[in-house]
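With mature numbering (1 follows the signal peptide of the UniProt record, and there is no 0) applied, the sequence shown corresponds to residues -16 to -1, 1 to 185, in that order.
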Amino acid sequence: MKIFRAFLIAAVCVVGYRCDCKDKFKKSEIVPAIIPNAPDMALEILYNNQSIVCGSNVSVSLTMNAPLLKFNCDGSKIYTLVMIDVDSLTKEFNIFSPYRHWLITDILGCNMKSGKLQSTYMQPNPTPGLGPHRYIMLIYEQTSPINNTQVGVLDRARFDLNGFVKTNDLQGPVAGNFFYVGFSLIDVIKKSLEKLKKLLL
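So this is what it looks like as structure tokens:
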């Protein structure tokens, strides 16, 4: 019986990355500092068809456009997606954190397009030279439709995630993932060339 139970736990870890990702949420000081509990399931994030491994480093250039998201959903339930940067301006001096990068409510099942876009996707933009930022994407299950989010278009800084969850009676997070983004030398050069191109046009 003990052997079967150990096998079952191992299978869950391998197939769903459940144990590995949950552990990384704790090791990366996201749980319990940012959210009280790690997500039950892994949220698959696909940037340009590239699957993002939980806790991995991702280049700024890869995150330019909103990713495709996949998770084990219930087609009859509604969900909320939240993406935040918890290291703005830096991890030690996070005066703008959590910074809201994306917010969609009332998502029916896994159909992201069915939801209400409350905050458009904003590409990760960590300050060059000040270390990588942790970007977290979380899926919460809703108990009812959200009619008034009370979030503005411009006031993305210092987003009270846990207050938002409590106010709207959200359950979870039921799925989640996170990754690090920091400017490499190539990213800095690309960004400088883009600014120069705009000045010359």
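Positions of the beta carbon are idealized from the N, C-alpha and C atoms, including for glycine.
State the DSSP-derived secondary structure class of residue i, mapped to helix, strand or coil.
i	result
Met96	helix
Thr47	helix
Lys75	coil
Asn146	helix
Leu177	helix
Thr151	helix
Asp4	helix
Leu184	helix
Using DSSP bridges, identify the partner residues of residue i.
i	result
residue 205	Because the chain spans -16 through 185 in this model, residue 205 falls outside it and cannot be assessed.
Ala26	Gly160
Thr64	Tyr124
Lys54	Glu28
Val165	Val42, His117
Ser35	Leu30
CA-CA distance, residue i and residue j?
i	j	result
Tyr63	Lys75	29 Å
Gln155	His85	21 Å
Ile130	Phe143	17 Å
Thr133	Val149	10 Å
Ile123	Leu185	41 Å
Glu125	Gly147	15 Å
residue 187	Val70	For the chain, the structure presents residues -16 to 185; residue 187 sits outside this window and is missing.
Asp153	Asn95	21 Å
Val158	Asp4	16 Å
Phe77	Leu87	24 Å
Val165	Met67	13 Å
Thr127	Leu114	40 Å
Lys181	Ala22	43 Å
Met25	Lys179	40 Å
Pro16	Lys97	31 Å
Tyr31	Pro116	18 Å
Ser176	Asp139	27 Å
Gly160	Ala141	21 Å
Gly93	Leu101	15 Å
Hey, is residue i close to the ligand HEM, as in C-beta under 7 Å from one of its heavy atoms?
i	result
Ile62	The model depicted lacks the ligand HEM and carries no ligand whatsoever.
Determine, using beta carbons only, whether residue i comes closer than 8 Å to chain D.
i	result
Leu101	The structure shown contains no chain D, having only a single protein chain.
Inspect the beta-carbon positions of residue i and residue j and report whether they are closer than 8 Å.
i	j	result
Leu65	Ile29	no
Ile14	Arg118	yes
Leu52	Met121	no
Val42	Phe167	no
Thr47	Pro108	yes
Phe163	Ser12	no
> Can you find at least 3 beta carbon pairs, one from the segment 28 to 48 and one from the segment 58 to 70, that sit closer than 8 Å?
Replying inline: no
> Okay, do the segment 38 to 53 and the segment 2 to 15 touch, 3+ Cβ pairs below 8 Å being the bar?
Replying inline: yes
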